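Participant:
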Amino acid sequence: MSQSDPNDPRLERGRVSDRGIQKAHSALAREHSEVNEDHSRVPLFLLGFTSVLIFVAAIYTVRHRGGFDPLASDARFDPRTAVAAAAPKVDPIAEGQKLFATCAACHQPTGMGVPGVFPPLAGSEWAQGDEQRVVRILLSGLSGPVKVKGATYSVSAMPAFGPGGYGWSDDKISYVLSYVRQAWGNKAGIIKPETVAAIRAKVGQRKAWSEAELLAIP
Amino acid sequence: MNRIAVMLLGIFAVLALSWTGLVLSNQRSYGALQPFISKDDNKAYPEQLPGIAAQGKQVYQDLGCAYCHTQEVVPATISADVKRGWGERQSYVRDYIREDRVLLGSLRLGPDLRNIGSRKPVTGRAYDEAWHYRHLYDPTSVSPGSNMPSYAFLFETRKIVGERSPNAVAFANAKEGFEVVPSARAESLVAYLLSLKNAYNYPEEAGKVYVAPKKEGKEGADAAKKETK
Amino acid sequence: MASAFSSDVSPAKQEVSVADFEDFGVVDRALRFPLRALVAWSAVWLLLGLLLEALASYQSTHGSFLSACPYVSFGRLYPAATNALIYGWGFNAAFAVSYWVLARLAGAKPVSALSSVVAVLFWNLSVLVGIGGIIHGDSTGIEWLEIPGYVAPALWISFIALGTHLVLTLRHRAFVQIFIGQWYIIAGFFWFAWVFSISELMLVFYPVRGTVQAIVSAWYVQGLFGLWFGSIAIGALYYFIPKLTGRTIRYYTLAIIGFWSYGIFNGWIGVQRLAASPVPVWVQTIGFAASILALAPLAVISLNLLTTVFKGFSEIKGSAALKFVAIGAILYTISGLQFACSALGEKSGIAQLTFEARSQIELGFLGFFTFSVLGGIYYLLPRAAGRAWRSSGLITLHWLGSVLGLVLLYVGTLLAGTTQSVELADASINLTQIFEHISGFLTLRTAGFGVLFLAQLAFALNIARTLIVIRSSEVSIQPSTPALEVLS
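Chains as they are written, first to last, in this note's numbering: chain U, 162 to 379; chain R, 388 to 616; chain V, 7 to 494.
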């Protein structure tokens with residue numbers, strides 16, 4: 162076993178002692194001001210390099226922070242451009258027309274109803290009338306006799322589409338009402354979802370309205 | 388450098404900084420995210436896994452499916468995932484809140500499985516139960532050229548006694564008098580795979596995707612519509 | 007030989023005999039049992055891990071290989087392989103090198119080194135149970151942390167025990183100064199103890215909700231590779247490069263800046279791996295920005311290590327350890343650059359889901375970390391065993407095989423990854439076609455693991471022949487005259 166050969170890979174020999182390493186490097190660490198070509202100079206390019214890195218990283222972070230929104234996970238999301246596109250443009254009349262398919266089962270696609278059984282909506286003073294009444298009808302239903310366009314419908318069984326009934330949202334009720342109020346020559350204004358929400362909050366869940374109760378509303 | 392206490396404090400601070408800034412901040416901002424209740428059908432999305440599918444998730448995890456299959460649909464702007472039919476939309480943070488082990492996967496040797504329960508293949512039959520059983524038993528029988536290992540050990544080959552088993556897997560070249568029946572693990576795994584669908588588009592998240600800058604005319608409007616879907 | 011450094015004028019404050027603390031002295035004798043145990047275990051795990059990796063890699067090109075038995079199906083074999091390499095080879099080697107380097111630089115005998123043998127045994131048995139658990143099907147499902155939760159407390163306790171021994175060594179140190187390499191090692195132990203315990207709590211025992219798990223997992227992965235393995239390896243490099251070349255660290259005044267910036271950024275760059283994932287945008291962005299900033303510590307540390315190596319390049323012919331250590335230093339720079347580059351580009355998210363990301367991790371772990379500690383082990387084992395390595399031919403074979411194996415592995419994996427990245431972005435190429443395109447590269451990858459395995463056989467054989475004495479007439483090395491105390 163060769164002890165004297167410093168290049169024998171079977172027994173590596175350190176070129177320096179551990180004490181030497183400690184002493185030499187702590188001496189280096191202390192020599193801040195020493196102008197020694199080899200050891201104390203901090204390469205200037207490192208300073209410049211680091212500044213560029215900080216600049217690039219900062220710009221990148223600011224541009225792609227996505228508003229720090231936890232729900233945004235698309236890497237290229239930009240809150241400024243997205244806000245404009247966020248609210249999907251819903252046409253209440255078109256949506257209402259789709260929803261009317263449910264109503265057409267009784268009130269007929271023509272809005273004419275079935276004489277003696279289902280009241281018409283086309284030209285109806287109720288449909289084109291006060292929104293406070295027509296929203297209530299949809300929310301809680303209508304029972305008992307009701308007079309529409311001069312004809313009396315003695316047994317009404319208009320179901321509730323609000324709480325306790327089909328559970329339609331404010332949006333859906335407002336869309337279908339808006340459609341009805343503008344279809345078949347009806348000339349009434351659209352109804353906003355906020356109106357439906359306000360009435361829903363006031364009325365809550367209740368049994369179906371009667372004609373008298375509805376007419377009592379101012 | 389020789390003051391141990393100061394250095395140790397610094398070492399602690401360095402780690403505390405990243406833990407606070409990355410882990411704690413996210414845990415606080417969406418660690419309690421709730422499912423979204425849809426007003427249209429009063430259901431909570433994402434949907435809860437049925438019991439057998441939850442067991443299947445365990446099978447998926449212990450067999451290591453996540454080493455070849457990811458479960459995240461990457462946004463269409465930086466990948467072709469949506470074009471490949473791996474999902475109608477990118478995966479959102481909310482899609483994963485019901486999972487006690489999120490297996491996003493890290494390598495795509497096989498297709499993404501996030502929406503395997505609602506995907507329709509380009510040709511042939513749908514990805515139904517029977518397809519999955521045949522695929523697991525012998526991937527090359529339904530997917531020629533596939534390198535996916537066969538999971539035949541999830542099935543039991545046994546002699547037909549009396550009537551054929553109702554859930555036996557149908558093969559063209561089955562041995563005469565024998566049938567291949569999926570084990571409970573296979574059934575739960577397939578139930579899990581069939582439950583993987585994330586089609587519901589939460590309204591809040593739907594607005595938080597990348598929108599390409601508006602181009603003039605119809606082309607721009609169409610592009611914008613597609614992005615916000 | 008280099009010329010003497012002129013600042014070596016004042017004697018040390020405490021007059022201690024160098025012979026007490028140098029080769030085969032007090033420190034080496036006190037650590038001989040733990041070190042032998044650690045090196046032996048590390049070799050066993052290295053072999054097992056690489057064998058399993060080779061088998062798993064073969065399975066990824068030939069799906070039917072070993073697919074009949076669930077215990078060795080790809081989904082279980084692959085995590086068993088990676089965990090055997092990480093928690094088996096990686097930790098044992100890291101313990102061996104850090105123990106020895108810290109004690110030698112402190113000039114102090116470690117407190118109760120014998121009980122650390124118990125901790126080593128405890129660690130390795132826990133890892134064994136853990137790998138068995140993965141094969142059995144108890145994997146946690148968390149990448150790079152598949153070890154089942156029931157083993158985690160045992161791992162943590164042994165880790166704390168070993169770390170405590172190590173840190174207490176500083177209390178009775180002979181040298182007042184603490185060298186930068188020691189700080190990397192001490193920091194590594196503290197960082198990993200916290201990262202591991204927090205991650206186990208937030209992922210395994212009290213899992214957090216949704217993709218917060220992905221964030222914690224990414225934070226853990228960088229804590230494992232950067233704050234633990236990277237720290238230990240850099241600490242070792244800072245010691246062995248001056249030791250083997252006889253040159254001081256070129257820009258030592260920068261070293262402390264490098265240390266702090268290394269620690270700060272490694273906590274944040276992990277989430278870069280979540281680029282395409284369903285996590286908040288700002289998390290992905292912070293990951294990218296931190297990866298760009300992390301080029302600063304990369305530059306500082308690389309500058310220090312590489313310029314010192316090249317200053318002392320003439321010593322490389324005569325030193326096998328320096329050959330390993332030099333490669334380790336170079337691969338640190340390359341793997342760090344690759345990591346930073348993978349943050350750039352719009353489609354970088356997809357690259358994280360391909361073999362590209364894997365190639366970077368493997369280059370860092372099997373390249374940078376493994377080569378650095380192998381150099382250290384080649385230096386320290388004779389001092390722990392009390393006798394020189396039995397065969398220099400096996401050392402050369404080991405070095406050549408490791409380099410060749412790593413090149414094959416890295417090139418194969420990287421090319422597979424880049425092909426995947428490009429082709430996954432094109433919806434007209436289906437996955438079967440992608441697989442056909444990359445299977446050649448994956449075969450290269452398998453070949454790389456195979457060659458690495460064979461090379462480590464040479465290593466293990468050498469260790470066995472050195473540690474196991476058949477004939478008592480084997481001459482053991484006597485403490486020699488101290489090496490020079492001066493550096494140039």
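We put the CB at the ideal spot given by N, CA and C, even for glycine.
From a predicted model like this one, the values you see are computed outputs, not experimental measurements.
Which whole-angstrom value describes the C-beta separation of A369(U) and G302(U), a residue pair presumed to lie in contact below a C-beta threshold of 8 Å?
Facilitator: Contact holds; Cβ gap of about 4 Å.
Participant: Taking 8 Å as the threshold (beta carbon to beta carbon), is K587(R) in contact with chain V?
Facilitator: In the sequence as presented, Lys is not what sits at residue 587(R); that position holds Tyr. No, Y587(R) lies away from the interface with chain V (no Cβ there is under 8 Å from its Cβ).
Participant: Exposed or buried, which one is Q458(R) when buried takes at least 16 other CB atoms within 10 Å?
Facilitator: By the 10 Å Cβ count, Q458(R) comes out buried.
Participant: Only counting the same chain, and skipping five residues up and downstream in sequence, which positions put a Cβ closer than 7 Å to that of A114(V)?
Facilitator: These residues qualify, in order along the chain: T175, H178, R179, A180.
Participant: Look up A312(U) in the DSSP assignment and give the residues it is bridged to.
Facilitator: Answer by DSSP bridge pairing, in chain order: V309(U).
Participant: Once the 5 residues before and after L525(V) are set aside, which same chain residues still bring their CB inside 7 Å of it?
Facilitator: Lying before the first or after the last residue shown, residue 525(V) is absent from chain V, which here runs from 7 to 494.
Participant: Could you tell me which whole alpha helix (DSSP H) segments of length 4 or greater appear in the region 339-384 of chain V?
Facilitator: Runs found: 354-357, 361-368.
Participant: Quick one: what does DSSP say R180(U) is sitting in, helix, strand or coil?
Facilitator: Here R180(U) sits in helix by DSSP.
Participant: Thinking Y351(R) and A440(R) are a contact (beta carbons under 8 Å), I'd like their distance in whole angstroms, please.
Facilitator: With chain R running from 388 to 616 in the structure shown, residue 351(R) is simply not present.
Participant: DSSP on T2(V), reduced to helix/strand/coil?
Facilitator: Not covered by the structure: residue 2(V). The range shown for chain V is 7 to 494.
Participant: Starting from the N-terminal side, write out each stretch of the beta strand (DSSP E) that is 3 residues or longer and does not extend beyond the region 284-321 of chain V.
Facilitator: Whole beta strand (DSSP E) segments, 3+ residues: zero.
Participant: According to DSSP, which residues form a beta bridge with A242(V)?
Facilitator: DSSP output for A242(V) lists no bridge partner at all.
Participant: Could you have a look at H200(U) and say whether DSSP puts it in helix, strand or coil?
Facilitator: Legend: pLDDT at H200(U) = 48, less than 50; position of this residue unreliable, value from coordinates given subsequently. Coil.
Participant: For P286(V), go through chain R and note every residue whose CB falls closer than 8 Å to its CB, in chain order.
Facilitator: Within 8 Å Cβ-Cβ: N413, S416, Y417, V480.
Participant: With distance defined between alpha-carbon atoms, name the residue in G147(V), G155(V), L421(V) nearest to Q445(R).
Facilitator: For the residues G147(V), G155(V), L421(V), the minimum Cα distance to Q445(R) belongs to G147(V).
Participant: Mapping DSSP to helix, strand and coil, what is A199(V)?
Facilitator: Looking at A199(V) - three-state DSSP - the assignment turns out to be helix.
Participant: When the cut-off is 8 Å and only beta carbons count, does P231(U) lie next to chain R?
Facilitator: With 8 Å as the cut-off, P231(U) counts as an interface residue toward chain R.
Participant: Any Cβ of chain R within less than 8 Å of the Cβ of P116(V)?
Facilitator: No - not a single Cβ of chain R is within 8 Å of the one on P116(V).
Participant: Step through the CB atoms of chain R and report whether any lies within less than 8 Å of the CB of A185(U).
Facilitator: Output row for A185(U): interface = no.
Participant: When the Cα atoms are used, what is the spatial distance from L523(R) to E574(R)?
Facilitator: Between L523(R) and E574(R), the C-alpha separation is close to 11 Å.
Participant: Just tell me which of S267(V), G69(V), G293(V) has its CA closest to the CA of R279(V).
Facilitator: The candidate whose alpha carbon is nearest that of R279(V) is G293(V).
Participant: Would K407(R) be called buried (16 or more neighbouring beta carbons within 10 Å of its own) or exposed?
Facilitator: Just to set this straight, residue 407(R) is Thr in the shown sequence, not Lys. So T407(R) counts as exposed.
Participant: Given a cut-off of 8 Å on the beta-carbon distance, is the pair G274(U) and Y340(U) in contact?
Facilitator: No; because the gap between Cβ atoms is not below 8 Å, this pair is not in contact.
Participant: Mind checking whether V227(V) and G276(V) have CB atoms under 8 Å apart?
Facilitator: Yes, they are a contact pair.
Participant: How about L400(V) and A332(V): do their beta carbons lie closer than 8 Å?
Facilitator: Result no, Cβ atoms of L400(V) and A332(V) do not sit closer than 8 Å.
Participant: Using a Cβ-Cβ cut-off of 8 Å, state whether Q462(V) counts as contacting chain U.
Facilitator: Q462(V) does not count as touching chain U.
Participant: Could you work out which residue in V285(V), A46(V), Y244(V), V117(V) is closest to Q219(V) when comparing CA atoms only?
Facilitator: Among V285(V), A46(V), Y244(V), V117(V), the Cα nearest to that of Q219(V) is on V285(V).
Participant: For K562(R), does the three-state DSSP call read helix, strand or coil?
Facilitator: In the structure shown, K562(R) sits in coil (DSSP, three-state: anything other than H, G, I, E or B).
Participant: With C-beta atoms as the reference, is N98(V) less than 8 Å away from S164(V)?
Facilitator: Going by C-beta atoms, N98(V) is not nearer than 8 Å to S164(V).
Participant: Report the option in V489(R), S466(R), E566(R), A392(R) whose CA atom is closest to the CA atom of G549(R).
Facilitator: It is E566(R) whose Cα lies nearest to the Cα of G549(R).
Participant: Taking all protein chains shown into account, decide if L52(V) is buried (16 or more other Cβ within 10 angstroms of its Cβ) or exposed.
Facilitator: Under this definition L52(V) is a buried residue.
Participant: Exposed or buried, S320(V), counting other C-beta atoms within 10 Å across all chains shown (16 or more means buried)?
Facilitator: Counting Cβ neighbours within 10 Å, S320(V) comes out exposed, since fewer than 16 surround it.
Participant: How about A46(V) and L473(V): are their beta carbons less than 8 Å apart?
Facilitator: Contact flag set, yes.
Participant: Once DSSP output is grouped into helix, strand and coil, what is the label at E574(R)?
Facilitator: In this structure, E574(R) counts as helix in the three-state DSSP scheme.
Participant: Hey, L491(R) and S365(V) are a contact pair by Cβ (cut 8 Å); roughly how many whole angstroms apart?
Facilitator: Actually they do not touch by this definition, with Cβ atoms about 20 Å apart.
Participant: Going by beta-carbon coordinates alone, are K310(U) and S335(U) separated by less than 8 Å?
Facilitator: Cβ distance not < 8 Å, so K310(U) and S335(U) don't count as in contact.
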